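Novice: In this note's numbering, the protein residues as written are 23 to 312. Ideal Cβ placement from N, Cα and C applies to all residues, glycine included. These numbers come from a predicted model, not from an experiment. Please see the structure below; I have some questions.
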Ligand SMILES: [Cu+2]
């Protein structure tokens, strides 16, 4: 089905020019200079989003645009004043009126059905998630909790002067989220109650969810096999002076590497006390969810 859609997209013109044609090995999880289109999709959610945009909405928009443009040009030329000095004065045509009501209605209905189906997919994991992590937004950094393994850590941006070779500016953090490939992850997102709204985003995952004080939002994602690597994102809700300095980094590794990381992470973070703001946030969100 996907291939047919690709063909349709190419036929309609420019639609397929985008991230889909780029080999993902070197571009995984980060925007490239002069890139346009999406980053390579690492999850089924982003694949569907990319299909919806590149293979459905964009060709549809182009077809409608070209149709209206040609119709407008034809009308302007055909009914110009010099050719018709005495205009005719009819006003109704039942057939055309039914047509221009029905066709857009059908188009909008198809867009709505596909759109709602996709939203539903983003909200409903295909089976019970194996790992639950919680992202808590603060002005201006992220805190992460591995709910099943009972540890928390903060993730702060590395300042420009402290960057080392290969670390992208404004996109690197001191601690990364580490998650296994091909595993359904439940992502809970909130912000501490004394904070403002943030948004947790990884473009390649197709996940963007608001972090709202006193509220617990939930999404899921599963990184597809072969898409191990480092993924970058940024807070996507204007949250104050250092809004652009609270990036998100997720490392997707094999299941074995994840288990090994868990052991070291537990040892490293287990002794750390959750900050008071976080404890309050957890209390508020669990009260809300009860
Ligand atoms: Cu923010």
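In this structure, how does DSSP classify residue 168 when only helix, strand and coil are distinguished?
Specialist: It is a strand residue.
Novice: Three-state secondary structure (DSSP) at residue 174?
Specialist: Looking at residue 174 - three-state DSSP - the assignment turns out to be strand.
Novice: Beta-carbon separation of residue 212 and residue 238 under 8 Å?
Specialist: Cβ distance < 8 Å, so residue 212 and residue 238 count as in contact.
Novice: CA-CA distance, residue 113 and residue 77?
Specialist: In a straight line, the C-alpha of residue 113 is about 38 Å away from that of residue 77.
Novice: In whole angstroms, give me the CA-to-CA distance for residue 287 and residue 177.
Specialist: In a straight line, the C-alpha of residue 287 is about 13 Å away from that of residue 177.
Novice: Counting along the chain, where does the alpha helix (DSSP H) carrying residue 279 start and finish?
Specialist: Note, residue 279: alpha helix (DSSP H), 277-291.
Novice: Over what stretch of residues does the alpha helix (DSSP H) that includes residue 122 continue unbroken?
Specialist: Per DSSP, residue 122 belongs to the alpha helix (DSSP H) from 116-145.
Novice: So, helix, strand or coil for residue 179, using DSSP?
Specialist: DSSP places residue 179 in strand when its eight states are reduced to three.
Novice: Distance check for residue 243 and residue 270, CA to CA, integer angstroms please.
Specialist: Going by the C-alpha atoms only, they are around 16 Å apart.
Novice: Classify residue 106: buried if its beta carbon has 16 or more other beta carbons within 10 angstroms, exposed otherwise.
Specialist: By the neighbour-count rule (16 or more Cβ atoms within 10 Å), residue 106 is not buried but exposed.
Novice: In the structure shown, what three-state DSSP assignment does residue 99 receive?
Specialist: In the structure shown, residue 99 sits in a helix (DSSP, three-state: H, G or I).
Novice: Quick check on DSSP: helix, strand or coil for residue 197?
Specialist: Coil at residue 197, not helix or strand.
Novice: Can you grab the Cα-Cα spacing for the pair residue 164 / residue 97, in whole Å?
Specialist: Cα to Cα, residue 164 sits roughly 57 Å from residue 97.
Novice: Taking just the CA atoms, how far does residue 191 sit from residue 182?
Specialist: Roughly 6 Å separates the two Cα atoms.
Novice: Could you tell me the alpha carbon to alpha carbon distance between residue 126 and residue 263, rounded to whole angstroms?
Specialist: The straight-line gap from Cα to Cα measures roughly 44 Å.
Novice: From the DSSP output, in three-state form, read off residue 317 for me.
Specialist: Residue numbering for the chain in the displayed model covers 23 to 312; residue 317 lies beyond these limits and cannot be assessed.
Novice: How would you label residue 116, buried or exposed, when you count the other beta carbons within 10 angstroms and need 16 or more for buried?
Specialist: Looking at its Cβ environment, which holds fewer than 16 other Cβ atoms inside 10 Å, residue 116 is exposed.
Novice: Report yes if the CB atom of residue 274 is closer than 8 Å to the CB atom of residue 250, and no otherwise.
Specialist: A contact, by the Cβ cut-off of 8 Å.
Novice: Quick check: what's the CA-CA separation for residue 93 versus residue 86?
Specialist: C-alpha separation (whole angstroms): 10 Å.
Novice: Among all the DSSP beta bridges, which residues are the ones paired with residue 239?
Specialist: DSSP output for residue 239 lists 211 as bridge partner(s).
Novice: Taking 6 Å as the limit between beta carbons, can you name the residues of its chain near residue 267, skipping five residues before and five after?
Specialist: 162 and 179.
Novice: In whole angstroms, what separates the C-alpha of residue 61 from that of residue 68?
Specialist: Straight-line Cα distance between these residues: approximately 9 Å.
Novice: Measuring straight from C-alpha to C-alpha, what distance separates residue 248 and residue 229?
Specialist: Whole-angstrom Cα-Cα distance: 19 Å.
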